[in-house]
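Trainee:
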Amino acid sequence: MNIWETIRLAFDNVRVNKLRSLLTMIGIVFGVAAVVTVVSIGQAGQKSVMDTMSSYKPGYFLIYPDATDTSNYPNAMFRINDIKEINKLSSISHAAVSQFYNLEGKNKLDKVKFSVTATTADIVKMINMNMIAGRYLQAQEVSTRQKVIVIDKEAATKLFGSPEQAIQRKINFEQGQFKVIGVYDAKKSVLGNIGGEQFFAYIPLEALPTANDGTSSRFDYLEVTAADPTNIERAIKDLSSLMAERHHVPLSIYQSVTAQENEQMITSTFGIIQLIIGSIAAISLIVGGIGVMNIMLVSVTERTREIGIRKAIGATPNAIRIQFLIESMLLSFIGGVVGILFGLLASYIYSIASGWPYVISIKAIVIAFVFSSSVGVFFGFYPANKASKLHPIEALRYE
93 MNIWETIRLA
103 FDNVRVNKLR
113 SLLTMIGIVF
123 GVAAVVTVVS
133 IGQAGQKSVM
143 DTMSSYKPGY
153 FLIYPDATDT
163 SNYPNAMFRI
173 NDIKEINKLS
183 SISHAAVSQF
193 YNLEGKNKLD
203 KVKFSVTATT
213 ADIVKMINMN
223 MIAGRYLQAQ
233 EVSTRQKVIV
243 IDKEAATKLF
253 GSPEQAIQRK
263 INFEQGQFKV
273 IGVYDAKKSV
283 LGNIGGEQFF
293 AYIPLEALPT
303 ANDGTSSRFD
313 YLEVTAADPT
323 NIERAIKDLS
333 SLMAERHHVP
343 LSIYQSVTAQ
353 ENEQMITSTF
363 GIIQLIIGSI
373 AAISLIVGGI
383 GVMNIMLVSV
393 TERTREIGIR
403 KAIGATPNAI
413 RIQFLIESML
423 LSFIGGVVGI
433 LFGLLASYIY
443 SIASGWPYVI
453 SIKAIVIAFV
463 FSSSVGVFFG
473 FYPANKASKL
483 HPIEALRYE
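The numbers in this note's numbering rise by one with no breaks, and the one at position 44 of the sequence shown is 136.
Here it is, written out as structure tokens:
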């Protein structure tokens, strides 16, 4: 019997026992689907990180006072007049104070949640702002605290139909009404839309009434670019020392994070998540493999007379072994294919829900095929070997 005839027989045996074969493959399907989903989502997340980090210009970093210490050192927070002194530092290229808010904006038809950055016109010197309609904030609008806003294209489309139609339209916040002067193409947050749809916007630094309550001269964040992107450490040290001296607070109160550190931290987090879920997937594959071995042992018992007849007419132990190995590999292979399809579907659904790019991971597909094939060979060998060692006379006597 040639190899093709053996494969045909394996298909026939799987087809005859459809329900049993399906139940046997469930563990492998879930295991492979988990592997494909985790690797695909991990790669999509890494791509999202890279896209987000590419929006920052070289040498960008964020500096802020440690929140646990600001109650003891309220003077540690930044002021607008700090910028003039910061710009005198040779290690600093640009700096801007910023404040972040989570606000709900709406028009007559819809409402959305915004992550709003209140900042100055200089922020465009530190962030690659891809304007697709209108313009960015101007210095005069910031200094006079005008109620104007720059929103991302997704918010413009949701609220007004298109970026172009959003220009000069109004968005209502609880704190007041803002006029849209620009729409930009925002890089998706690394967390995407997890926890709900989130949009992004920029407004003048003190345009919100809540910021103008007696503490408006103090802000939580400085966004900065170093003059030498290869020596950000010096810029951080110089800036922290200057702020500690000006505000009469300990140097250690100031914390910083660079774009590269943020990227490394998020990538490391993705790696840990992939490892944990991958371990669970591996357990599922092992359970699936045990299921394959169990059903193949049952199959050997059920087909003892068939094995005896085949041996009696000349089938070699190796031919019997190969036949049962092919059957176990076939079960694992089909389970792997179905698992890959489920994994790709799950990744696609997740990409829609999170706003991340959809990545078809060749790496994940290769890993899935290797895993499923290995499971078939490893867990199918013992039943196949047992079948090959059956004595033909004893097998023919089996009832």
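Every residue gets a Cβ at the ideal spot worked out from N, C-alpha and C, and that includes glycine.
Which partner residues of I133 appear in the DSSP bridge assignment?
Mentor: Per DSSP, none; premise fails for I133.
Trainee: Pull the bridge partners of A445 from the DSSP assignment, please.
Mentor: A445 pairs with nothing; no bridge assigned.
Trainee: Among I457, T393, V141, whose alpha-carbon lies nearest the alpha-carbon of K351?
Mentor: Before going on, a small fix: residue 351 reads as Ala here, not Lys. The candidate whose alpha carbon is nearest that of A351 is V141.
Trainee: Spatial neighbours of L251 within its chain, please: CB distance less than 6 Å, with the 5 preceding and 5 following residues excluded, ordered by chain position.
Mentor: N199, D202
Trainee: Looking at the strands, I want to know which residues DSSP matches up with T359.
Mentor: According to DSSP, T359 bridges with nothing at all.
Trainee: Mind checking whether M385 and F416 have CB atoms under 8 Å apart?
Mentor: no
Trainee: Taking Cβ to Cβ, would you say M221 is nearer than 8 Å to D312?
Mentor: Going by beta carbons, M221 and D312 fall outside the 8 Å limit.
Trainee: Cβ atoms of G435 and T116: under 8 Å apart, would you say?
Mentor: It is not a contact, given that the beta carbons lie outside the stated cut-off.
Trainee: Quick one: residues in its chain with C-beta nearer than 7 Å to the C-beta of I432, no 5 flanking neighbours on either side, listed in chain order?
Mentor: V124, V128, I457, A460
Trainee: Leaving out five residues before and five after E233 in sequence, what residues of the same chain have Cβ atoms less than 6 Å from its Cβ?
Mentor: V240, P296
Trainee: With 16 as the cutoff for other CB atoms within 10 Å, does L482 come out buried or exposed?
Mentor: By the neighbour-count rule (16 or more Cβ atoms within 10 Å), L482 is buried.
Trainee: Taking I372 as the reference, give the member of S424, L114, A126, A411 with the closest Cα.
Mentor: With distances taken between Cα atoms, I372 lies closest to A126.
Trainee: Hey, could you find the ends of the alpha helix (DSSP H) E256 is sitting in?
Mentor: It spans 255-258 - the alpha helix (DSSP H) in which E256 sits, taken as one unbroken run.
Trainee: In angstroms with no decimal places, state the Cα-to-Cα distance between L468 and E246.
Mentor: Note on residue identity: the sequence assigns Gly, not Leu, to residue 468. So the two alpha carbons sit approximately 47 Å from each other.
Trainee: Note down the Cα distance separating P409 from G381, rounded to an integer number of angstroms.
Mentor: Answer to the nearest angstrom: the Cα atoms are 23 Å apart.
Trainee: Can you have a look at K212 and say buried or exposed, based on whether 16 or more other CB atoms are within 10 angstroms of its CB?
Mentor: Per the sequence presented here, residue 212 reads as Thr, with Lys not at that position. T212 should be labelled buried.
Trainee: At which residue ranges does the segment 139-223 contain complete beta strand (DSSP E) runs of 3 or more residues, listed in the order of the chain?
Mentor: 152-157, 184-198, 203-211
Trainee: Report all residues from its chain with a CB closer than 8 Å to the CB of F192; omit the five preceding and five following residues, and keep chain order.
Mentor: S207, V208, T209, A210, D312, Y313
Trainee: Apply the 10 Å Cβ neighbour rule to N173 and answer buried if 16 or more other Cβ atoms are within range, or exposed otherwise.
Mentor: exposed
Trainee: Express the C-alpha separation of S446 and G287 in angstroms, rounding to a whole number.
Mentor: The predicted model places G287 with a pLDDT of 47, which falls under 50 and marks its position as unreliable, so this point remains unresolved.
Trainee: Run through DSSP, which three-state label would I295 get?
Mentor: Residue state, collapsed to three classes: strand.
Trainee: Can the beta-carbon of I155 be found less than 8 Å from the beta-carbon of I328?
Mentor: Taking 8 Å as the Cβ cut-off, I155 and I328 qualify as a contacting pair.
Trainee: Throw me the rounded Cβ distance for the I133 and Y442 pair, which I believe falls under 8 Å.
Mentor: Right, their Cβ atoms sit about 6 Å apart.
Trainee: Pull up the distance between the alpha-carbon of G363 and that of K455, whole angstroms please.
Mentor: 15 Å
Trainee: Report yes if the C-beta distance between Y228 and G197 is below 8 Å; otherwise report no.
Mentor: no
Trainee: In chain order, what residues of the same chain lie with their CB nearer than 7 Å to the CB of T359, ignoring the 5 residues before and after it?
Mentor: Q138, V141
Trainee: Alpha carbon to alpha carbon, how far is A438 from S424? Give it in angstroms, no decimals.
Mentor: Taking the straight line joining both Cα atoms gives about 20 Å.
Trainee: Are the CB atoms of E315 and M145 within a distance shorter than 8 Å?
Mentor: Result no, Cβ atoms of M145 and E315 do not sit closer than 8 Å.
Trainee: Counting along the chain, where does the beta strand (DSSP E) carrying F265 start and finish?
Mentor: 262-265 is the extent of the beta strand (DSSP E) around F265.
Trainee: Locate the beta strand (DSSP E) running through T317, then write down its first and last residues.
Mentor: 313-318 is the extent of the beta strand (DSSP E) around T317.
Trainee: Cβ atoms of V216 and S453: under 8 Å apart, would you say?
Mentor: no
Trainee: Taking only the alpha-carbon atoms, compute the straight-line gap between E394 and N105 and give it to the nearest angstrom.
Mentor: 12 Å
Trainee: For a test of the three-state rule: what should DSSP assign to S348, helix, strand or coil?
Mentor: strand
Trainee: From I219 to V462, what distance separates their C-alpha atoms?
Mentor: 43 Å
Trainee: Apply the 10 Å Cβ neighbour rule to E97 and answer buried if 16 or more other Cβ atoms are within range, or exposed otherwise.
Mentor: exposed
Trainee: Do A319 and S183 come within 8 Å of each other at the CB atom, strictly closer than that value?
Mentor: yes
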